[in-house]
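The structure appears right after this line, and notes come after that.
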Amino acid sequence: MMEISVTFEDGATERFPAGTTAGAALAAYARGSGGDRKAVARAIAARVDGSATAVVDLSRPLVADCRLAPVAPESREGLEVLRHSSAHVMAQAVKRLFPETEITIGPVIENGFYYDFKRPGGFAAEDLPRIEETMRAIVQEDLPVRREEVPKAEAIRRFRALGEHYKVEIIAGIPDESVSLYHQGEFVDLCRGPHVPSTGRIPAFKLTSLAGAYWRGDARNEQLQRIYGTAWASPEDLEAYLRRVEEAKQRDHRRLGQALDLFSLHPIAPGSPFFHPKGAVVYNLLVQFVRGLYARYGYTEVITPLIYKTDLYKTSGHYDLFKDDMFLLTIEEEEYGVKPMNCPGHCHLFASRKHSYRDLPIRFADFSRLHRFEPSGTLAGLVRVRSMAQDDAHIYCTPEQLDGELEQFIAMTREVYSAFGFDRIDVTLQTRPEKFLGRVELWDAAEDALRRALEQAGFTVTPLPGQGAFYGPKIGFDFRDVLERSWTLATVQIDCAMPERFGLTYVTAEGTEATPVMLHRAVLGSLERFIAILLEHTAGRLPLWLAPVQVRVLPVSEKAAAYATRVGEACRAAGLRAEADLRNEKLGYKVREAELEKVPVVAVVGEREAVAGTVAPRAGGAPQPMALDVFVAHTAAQARMPGGVP
Ligand SMILES: [Zn+2]
Ligand SMILES: [Zn+2]
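Here my numbering is used: the first residue of the sequence shown is 2, the next is one more, and so on.
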């Protein structure tokens, strides 16, 4: 009999008859020479490294020399297997409960799985608990999962007999001669696998939601019903995941935006937020904060048009590569476009005057509103919008000034991030994409300059090859929030195309003409998106300097109303956003409301405070009474905008 040699994780090699299953080889090794027995017992699949690496069923026969390792349920590969097997168990449960349902596809997704079904009349939310219950029964039955290879024609015949027309269509489209089927109990599915050895090996799952879907994801095809679920290696992991989801829901900026009365969105202007008075306070303070930094870092602000003839975008290159994302209109028989970015306008502005090397660097900052077309299906709160503004600026400098400009930008980014307490940062370097403008030499030099700047600043860099913008390579500073999500905020790009396309020049010290280096940069990025991220990261507890209402004064009774008014006025006179809540409501109610509105400083005043001229702010612990002027000075100092702005 032919033998194969199998190498285990500890490096030991043993020989087995060809055709021994992965599970049997692992078990034999663990029994004999002391492989990790626990790991083998817990394994739900195996990883085989032969001519290729693959995760396979424990029941898969080994046919050639290979390395072999158990796959633990909680590993990345293990979770994928668990989730795919859970999708099969869900489909089996659906077929048991609703035999008229046709099954289509059921892939694994991040944190879970889904399956798309065709059921006349669809599913109702009440069906999910029933399906879950049947799934639990199937897990209890611990049905062995069996793989079978069958010729394509045979597979088509079987699924046709089962009335599974979608499966027939899928199999007909597979180029291979044979396909693999997976059986568990009465249920069979077309599948590549791998799967758990038996249904009892799924430790924890939950169905999470229902949604509509289209066959093959195409809106012209039949409507299907999608059921989403999640599966984990232990009930504890499932619990922790559900808690994270709940936490994310509580922190959802759309919910907070409503609860804190900051902004709203309406179908009358999809993807274009309305900022309410309190939201506008936050928005304008962010602009003011950045303006303060601009004063120190030598930026000059400009105001440029929103709508240009498309000739401008033809020069910049946006018309060719970005047209589908722009709002275009025809006026007096000429084509115009609403600007998606400030750069073309800034290049036009730069070109409108002669420049000497002595003028450089020129740093044009612009908080202008920008419009980009995003399909309605992709719009999401303030994170994905059609109308936005950025703390955008373009720097024009000599090649000799480039390193210094990058260094200054990194310093400014560090200052902004530390002002918000963003300390978990990953830096990425995004290089030349497939579709690009400009000369390759310029790209190479630009990528080198960015790499150098990051090295000098001491960052560990994650390279993202091919992910730069079409006009230049890019550095991204990704901030990791409390929910472990990563957001790119600050970016800087060196433009390898626009200066030449616009024919930008300056006169050098030698009296010759040269092309300036152009940088695109933003620190907060889109203000809309930044506000969304900050709201979710802080759960709506904005830093004191950004809070729309910083101080709320609550009188204990009507007798203290006059004093509460005086405290509010004293705060406002010191520049604080303060108000006295004089409504005829119970004190407890007002305190709770201030808490829900996340007002950072709440001061309760009664007759005693009125007589003594003190304030006792509630700040976590027991209220500490202090003289009114001390309270005002103390709070005003705490509320000062960071960044050394007066
Ligand atoms: Zn499958
Ligand atoms: Zn730009």
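Glycine included, each C-beta is placed from N, C-alpha and C at the ideal position.
Within the present structure, is the beta-carbon of residue i separated from the nearest heavy atom of ligand 2 by less than 6 Å?
i, result
"H635", "no"
"M342", "yes"
"H372", "no"
"H277", "no"
"H267", "no"
"H521", "yes"
Where do the ends of the beta strand (DSSP E) carrying residue i lie?
i, result
"M389", "S388 to C398"
"E149", "V146 to P152"
"F188", "F188 to L191"
"Q668", "Here the chain has residues from 2 to 647 only, and residue 668 is not among them."
"S527", "V518 to S527"
"G113", "G113 to K119"
"V483", "V483 -> no beta strand (DSSP E), and no H or E assigned at all."
By the 10 Å Cβ neighbour count, where 16 or more other Cβ atoms means buried, how is residue i classified, buried or exposed?
i, result
"Q185", "buried"
"N222", "exposed"
"P647", "Note that P647 has pLDDT 44, beneath the 50 cutoff, so the model's placement of it is unreliable and no number is given."
"I308", "exposed"
"Y300", "buried"
"P626", "exposed"
"V493", "buried"
"Y590", "exposed"
"M3", "exposed"
"V169", "buried"
"L484", "exposed"
"Q226", "buried"
"V283", "buried"
"F423", "buried"
"F368", "buried"
"V612", "exposed"
"I203", "buried"
"F632", "buried"
"R297", "exposed"
"E529", "buried"
Could you please give the first and the last residue of the uninterrupted alpha helix (DSSP H) stretch that includes residue i?
i, result
"Q251", "P236 to R252"
"S419", "L403 to A420"
"D128", "D128 to E142"
"K560", "Taken as a continuous stretch (DSSP letters only), K560 belongs to no alpha helix (DSSP H), as it is neither H nor E."
"A491", "No alpha helix (DSSP H) contains A491, which is instead part of the beta strand (DSSP E) from S487 to D496."
"D168", "According to the sequence shown, residue 168 is Lys rather than Asp. Taken as a continuous stretch (DSSP letters only), the alpha helix (DSSP H) holding K168 covers H166 to A173."
"E596", "L588 to L597"
"S357", "No alpha helix (DSSP H) holds S357; DSSP gives it neither H nor E."
"H267", "Segment: none, H267 is in no alpha helix (DSSP H) and carries neither H nor E."
"P500", "M499 to R502"
May I ask whether a heavy atom of ligand 1 can be found less than 6 Å away from the beta carbon of residue i?
i, result
"C192", "yes"
Nearest to residue i by alpha carbon, out of the options?
i, options, result
"I532", "K436, V508, R453 and L261", "L261"
"I110", "P198, A65 and W233", "W233"
"D427", "S76, L455 and D479", "D479"
"I642", "L294, H319, Y115 and A73", "For the sequence presented, residue 642 should be read as Met rather than Ile. Ranking the options by Cα distance to M642, first place goes to L294."
"A281", "R425, A296 and S265", "S265"
"R84", "R354, G218, G439 and G230", "G230"
"P100", "H89, Y115 and G164", "G164"
"V518", "L403, R481 and P549", "L403"
"L27", "S52, F503 and P62", "P62"
"T429", "Y418, E448 and R440", "E448"
"A13", "R43, L98, C67 and K39", "C67"
"A491", "Y397, S527, V568 and P274", "S527"
"E514", "D496, T316 and T399", "T399"
With hydrogens ignored, establish whether the beta-carbon of residue i is closer than 6 Å to any heavy atom of ligand 3.
i, result
"A212", "The model depicted lacks ligand 3 and carries ligand 1 and ligand 2 instead."
Query raised in the report: So does the region 344-358 actually touch the region 327-335, counting three or more Cβ pairs closer than 8 Å?
Result: no
Report task. Assess, as a yes-or-no matter, whether the region 239-255 is touched by the region 141-152 under the definition of 3 or more beta carbon pairs within less than 8 Å. Result -> With the cut-off at 8 Å, the region 141-152 and the region 239-255 do not touch.
Report task. Would you check if the region 89-99 and the region 188-206 touch, i.e. whether three or more CB-CB distances between them fall below 8 Å? Result -> yes
Report task. Count the C-beta pairs between the region 388-403 and the region 512-522 that are closer than 8 Å, then say yes if the count reaches three, no if not. Result -> yes
Query raised in the report: Contact between the region 195-210 and the region 114-133: three or more CB pairs below 8 Å?
Result: The region 195-210 makes contact with the region 114-133; the number of CB pairs closer than 8 Å reaches 3 or more.
Query raised in the report: Is it a yes or a no for the region 466-478 touching the region 430-438, going by three-plus beta-carbon pairs under 8 Å?
Result: Segments in contact, yes.
Requested in this report: Examine the Cβ distances between the region 528-548 and the region 374-384 and report whether three or more of them are shorter than 8 Å.
Outcome: yes
**Report entry** Sufficient close CB pairs (3 or more, under 8 Å) joining the region 545-552 to the region 596-611
**Finding:** With a cut-off of 8 Å, the region 596-611 and the region 545-552 count as touching, because enough Cβ pairs lie within range.
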